[in-house]
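Numbered per full-length UniProt numbering, the sequence shown spans residues 1 to 349. For every residue, glycine included, the Cβ atom is placed at its ideal position computed from N, Cα and C.
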Amino acid sequence: MGMRGGGGPDGRGRDAATYRTPDRVGQVITIKAKVTRAFSTSMEISIKVTVQDMFTGIEKLVSVAFSTFVAKPVGKEKIHLKPVTLVTEQDHVEHNLASERRKVRLQHEDTFKNLMKESGKFDDPTCDEEEGTVSTRGTSVQSIELVLPPHANHHGNTFGGQIMAWMEMVATISASRLCRAHPLLKSVDMFKFRGPSTVGDRLVFNAIVNNTFQTCVEVGVRVEAFDCQEWSGGQGRHINSAFLIYNAVNDKEELITFPRIKPMSKDDFRRYRGALARKRIRLGRKYIISHKGEVPLCIHWDTGNQVSLSNGNVEALKSLAAKSGWEITSAVEKVGGIQVYTQPVAHHK
Numbered sequence: 001m002g003m004r005g006g007g008g009p010d011g012r013g014r015d016a017a018t019y020r021t022p023d024r025v026g027q028v029i030t031i032k033a034k035v036t037r038a039f040s041t042s043m044e045i046s047i048k049v050t051v052q053d054m055f056t057g058i059e060k061l062v063s064v065a066f067s068t069f070v071a072k073p074v075g076k077e078k079i080h081l082k083p084v085t086l087v088t089e090q091d092h093v094e095h096n097l098a099s100e101r102r103k104v105r106l107q108h109e110d111t112f113k114n115l116m117k118e119s120g121k122f123d124d125p126t127c128d129e130e131e132g133t134v135s136t137r138g139t140s141v142q143s144i145e146l147v148l149p150p151h152a153n154h155h156g157n158t159f160g161g162q163i164m165a166w167m168e169m170v171a172t173i174s175a176s177r178l179c180r181a182h183p184l185l186k187s188v189d190m191f192k193f194r195g196p197s198t199v200g201d202r203l204v205f206n207a208i209v210n211n212t213f214q215t216c217v218e219v220g221v222r223v224e225a226f227d228c229q230e231w232s233g234g235q236g237r238h239i240n241s242a243f244l245i246y247n248a249v250n251d252k253e254e255l256i257t258f259p260r261i262k263p264m265s266k267d268d269f270r271r272y273r274g275a276l277a278r279k280r281i282r283l284g285r286k287y288i289i290s291h292k293g294e295v296p297l298c299i300h301w302d303t304g305n306q307v308s309l310s311n312g313n314v315e316a317l318k319s320l321a322a323k324s325g326w327e328i329t330s331a332v333e334k335v336g337g338i339q340v341y342t343q344p345v346a347h348h349k
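Set out below in structure tokens:
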């Protein structure tokens, strides 16, 4: 399902898309989409993609995504949407989760800015002292595409799905330059449509590796659109940005461990810290959404439950300490050698 601008629903962005298994030639792909909730003038669409092997009959979930659309107004006034009718218990669950995702989406920019300010207080990981660290300069990729009629809808606006496909292409090349293997797209983080493009525009795609986290790598992609006049003047329009997360496997289908990144310039450090901040946001988003409705996210303290809360906190810390796979995200050498670690949250199926 490609998001589109103009002529009906207008695609504004994609909170996140998760890819669980790659599809291959000869398999049957089923795409299901539905409106989970309407928010006055916008709506959330949930998209699930499954693939079925025709020889074995086995069906697997390939991708889950949540997109936000607004109805394109005929005049200047916004179109107000009617609430979605909830029929089943699952409809109610998805309706509530859509609200949680919207909160995360609306708070994303402020949360990101706060995390970037916080990261400025920490020293960057001492990459200079580590062996095997690499620069990202060799991962920069640029591609230019001309928007033709087959790439656009009947209003002449470029299909969102086409832009996403071009973005994935340059991001995959960028990731492959780092891992020297065939990277597999794992997820897409906060894909946002900032403005439209039309037939005749030249789209410039710039991709580069921002950071690595053991077995995954983040690639940032920026898209600028140029009409003929803008192309002559060298001033384009920033229409899209996204951050794509990749894995890579070896001949034994085992995940490859990526080398640590060594930031060299101020822009490298900005992108390096930004990737750390986005990872922290992703972990928090996964935790909040996956646990919503299962257990309360917090328990208020009082004198009657202080003992049970203390015991529970101790047990939780012991359980966390026993887990493997922790990744260092930042360090403060000046204050007793404090190090901050994170651990990926597993998918809940």
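Check                                                                                                                            : Outcome
Selected residue, minimal CA-CA separation from Q90, among V35, A275, Q162 and G233                                              : V35
The beta strand (DSSP E) enclosing I79, as first and last residue numbers                                                        : Careful: I79 lies outside any beta strand (DSSP E) and carries neither H nor E.
Per-residue DSSP class, three states only, for S55                                                                               : It is Phe, not Ser, that sits at residue 55 in the sequence shown. Coil at F55, not helix or strand.
Own chain residues within Cβ distance below 7 angstroms of A225, not counting five before or after                               : S197, D201, L203, G236, R237 and I239
Residue burial classification, D267 (beta-carbon count within 10 angstroms, cutoff 16)                                           : exposed
Stretch pair the segment 66 to 83 + the segment 245 to 257: three plus CB contacts closer than 8 angstroms                       : no
Same chain, Cβ closer than 6 angstroms to I173, neighbours up to 5 away in sequence not counted                                  : V141
Alpha-carbon spacing of A33 relative to I45, whole angstroms                                                                     : 7 angstroms
Proximity winner among A171, V209, V93 and L86, relative to P263 (alpha-carbon distances)                                        : V209
Boundaries (first-last residue) of the alpha helix (DSSP H) holding D110                                                         : E89 to S119
Rounded separation between G284 and T30 - CA only                                                                                : 30 angstroms
Sequence ranges, beta strand (DSSP E) only - wholly within the UniProt domain "HotDog ACOT-type" (137 to 252), length at least 3 : 141 to 146, 183 to 193, 202 to 213, 216 to 226 and 237 to 248
Inter-residue spacing [alpha-carbon to alpha-carbon] between S67 and I47                                                         : 8 angstroms
Reduced DSSP category for K279 - H, G, I as helix; E, B as strand; rest coil                                                     : helix
N96 versus M43: straight-line alpha-carbon distance, rounded                                                                     : 13 angstroms
Assigned secondary structure, V35 (DSSP; H/G/I helix, E/B strand, else coil)                                                     : strand
Pairwise C-alpha distance: K318 and T342                                                                                         : 15 angstroms
Test item: CB-CB of L115 and A248 under 8 angstroms                                                                              : no
Local conformation of E315 per DSSP, three classes                                                                               : helix
Coarse secondary structure for F258, derived from DSSP in three states                                                           : coil
Segment contact, 8 angstroms Cβ cut-off, at least three pairs: the segment 162 to 180 with the segment 133 to 151                : yes
Residue-level contact to chain C via CB, T85, 8 angstroms cutoff                                                                 : In summary, chain C is missing from the structure at hand, where a single protein chain is found.
For V70, the three-state DSSP class (helix, strand or coil)                                                                      : strand
Exposed unless 16 or more other CB atoms sit within 10 angstroms - verdict on N157                                               : buried
Residue of K323, E218, V51 and R194 minimising C-alpha distance to L61                                                           : V51
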